[in-house]
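A short worksheet on the structure shown next.
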Amino acid sequence: MSEYTFKLPDLGEGMVESEIAEWFIKVGEHVNEEDIVGTMMTDKAAVELSSPVTGKVTRLGGEPGDMVAVGAALVVFEVDAVAADVGGDVGGPSGPTAVAAKAAPTSPTADPVAAAGGNVGGPSGPTPTPATNKRVVTSPAIRRRAKEAGVDLSIVQGTGQGGRILRQDFDDHVENLGSTPVFAGAASAAIGPVGAALAATAVGPKGPPTTATPATGTREIKVIGLRRIIAERMAASKREIPHFAYVEEIDITEVEALRKHLNSKKENPAERLTILPFLGMALIKALREFPQCNATYDKDRNVIIQHNAVHLGVATQTPDGLKVPVVRHAEALTLDGLATEIRRMSGAARDNSAKKDDLSGSTITITSLGKLGGIASTPVINMPEVGIIGVNRAAERPMVFNGQITVRLMMNLSSSFDHRFVDGYDAAAMIQRIKEMLEHPATIFLPD
276 MSEYTFKLPD
286 LGEGMVESEI
296 AEWFIKVGEH
306 VNEEDIVGTM
316 MTDKAAVELS
326 SPVTGKVTRL
336 GGEPGDMVAV
346 GAALVVFEVD
356 AVAADVGGDV
366 GGPSGPTAVA
376 AKAAPTSPTA
386 DPVAAAGGNV
396 GGPSGPTPTP
406 ATNKRVVTSP
416 AIRRRAKEAG
426 VDLSIVQGTG
436 QGGRILRQDF
446 DDHVENLGST
456 PVFAGAASAA
466 IGPVGAALAA
476 TAVGPKGPPT
486 TATPATGTRE
496 IKVIGLRRII
506 AERMAASKRE
516 IPHFAYVEEI
526 DITEVEALRK
536 HLNSKKENPA
546 ERLTILPFLG
556 MALIKALREF
566 PQCNATYDKD
576 RNVIIQHNAV
586 HLGVATQTPD
596 GLKVPVVRHA
606 EALTLDGLAT
616 EIRRMSGAAR
626 DNSAKKDDLS
636 GSTITITSLG
646 KLGGIASTPV
656 INMPEVGIIG
666 VNRAAERPMV
676 FNGQITVRLM
686 MNLSSSFDHR
696 FVDGYDAAAM
706 IQRIKEMLEH
716 PATIFLPD
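Just so you know, we're using the numbering used here here: the sequence shown kicks off at 276 and counts up by one.
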């Protein structure tokens, strides 16, 4: 046996170091070639690394949260002599390379679960279905849930890109486990913790009900990976930028009627429009009149860069945290084209198929909490941008319209601007321009 050192490869863009976000292996564990060993966090994305060899783990190059330099030892394996001859400089012309997956951090798979539908018997009954060697591609949240629940992800059917297991795939699989008949004496052996728990719930407690035991203790969560990056960027934005917040009420009755009319012509439900592309089109048009809002600040050179192109950031909540995928050259898109790109990029962020370049380079950002949008908010600017447009919840309210009290569909825009570079008057004037277009939606489509 010999030793093989897996060194941290260059994960792109000339990075000199990367943070260990999560390990899926431990010292003493046997690992097969192409097994995912862990996740490294760059400034823009999480990258899964796979093992270049088959062997036993003898040393790990750090703990989650530690920074590792490119070229430093990440994992040391005990391998046979043939594998050792490959060499430890991973990524070289003759050596294996680390596989950079599209996904964010993941966790290890757990014990296999018996195949649904089999006859569950006693000691002589069929044994649980063994785990396959299929490479599982999914998010860290799903892997953690699988580990806690005792679900073998290799038998879960993924419907995402490249067979990726999505949250709905996992939920459907667990639900199917719950609907499988379970016979006494075989639950824990045949179906694992999930099936046993579901079976116990179905049977109900034995004896009279009891008062719940008071909760005690605490849980410590290390701030690493994507959460660390979010924390650092939010703190830097609030620390460095004097935010100017502006909230405006908008009557979206007419644009909502237009949206419903256009959707009635669409046969594919997946192509139906939300309010977001209408807002995006109005914003793009307004930015031509207020170019100081479509800008980024280069702190090192103390220069404001005004952009002719609109690279629209769309703040998206994902199972792993907040991400901002970017719709490139939004100014060149039609209404349907913008809607398609917003759906595509938001979906890629949620299922972790977004590339690093998809998550950077925006010139202004829209953020929306949908039905959770509340009455007003104070969104934090996505540095180095100078403005962010927040969408709040739409609701019907009695309003005076054409001299009559009538019910109108109203929505607030809550926006923030960098007061160093955008004067309050200009910020308010731009939002008023957006309001005007949304209240008279035909003007959105008029040529400049």
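Beta carbons: idealized from backbone N, C-alpha and C, even for Gly.
Bridge-paired residues (DSSP) for residue i
i	result
residue 553	Looking at the DSSP assignment, residue 553 forms no beta bridge with any residue, so it has no partner.
residue 686	525, 669
residue 674	681
residue 324	313
residue 334	351
residue 440	413
residue 318	In DSSP, residue 318 forms no bridge with anything.
residue 662	692
residue 519	692
residue 343	293
residue 570	581
Cβ neighbour criterion (16 or more within 10 Å) applied to residue i
i	result
residue 448	buried
residue 514	exposed
residue 558	buried
residue 650	exposed
residue 421	buried
residue 507	exposed
residue 450	exposed
residue 543	exposed
residue 570	buried
residue 621	buried
residue 665	buried
residue 627	buried
residue 562	buried
Proximity below 8 Å, CB of residue i to CB of residue j
i	j	result
residue 689	residue 657	no
residue 296	residue 316	yes
residue 598	residue 634	yes
residue 281	residue 335	no
residue 710	residue 495	no
residue 525	residue 713	yes
residue 303	residue 499	no
residue 676	residue 568	no
residue 554	residue 534	no
residue 560	residue 719	yes
residue 725	residue 590	Since the first and last residues shown for the chain are 276 and 723, residue 725 lies out of range.
residue 613	residue 601	no
residue 716	residue 530	yes
residue 682	residue 671	yes
residue 645	residue 505	no
residue 582	residue 638	yes
residue 306	residue 330	yes
residue 501	residue 556	no
residue 702	residue 686	no
residue 320	residue 631	yes
residue 517	residue 695	yes
residue 653	residue 520	yes
residue 663	residue 640	yes
Proximal residues to residue i (C-beta, below 6 Å), its chain only, five neighbours per side dropped
i	result
residue 344	292
residue 328	279, 308, 352, 354, 358
residue 512	655, 656, 658
residue 497	340
residue 283	343, 345, 347, 349
residue 749	Past the edges of the chain, shown from 276 to 723, lies residue 749, and the structure says nothing about it.
residue 604	584
residue 625	593
residue 684	527, 528, 531, 669, 671
Residues near residue i in its chain [Cβ-Cβ closer than 7 Å; skip 5 each side]
i	result
residue 442	417, 594
residue 286	293, 315, 317, 322, 375
residue 680	673
residue 537	548
residue 444	431, 432, 433, 434
residue 623	600, 629, 633
residue 606	559, 584, 585
Other residues of its chain near residue i: CB distance less than 8 Å, five sequence neighbours each side excluded
i	result
residue 573	579, 580, 659
residue 564	705, 708
residue 438	412
residue 647	668
residue 503	294, 316, 340
residue 575	none
Curious, which full-length alpha helix (DSSP H) runs of at least 4 residues does the stretch 695–721 contain?
Qualifying alpha helix (DSSP H) stretches, in chain order: 699–714.
Those runs of the alpha helix (DSSP H) which lie wholly inside the stretch 579–640 and span at least 4 residues:
Counting only runs of at least 4 residues, the stretch 579–640 fully encloses the following alpha helix (DSSP H) elements, listed from N- to C-terminal order: 610–625.
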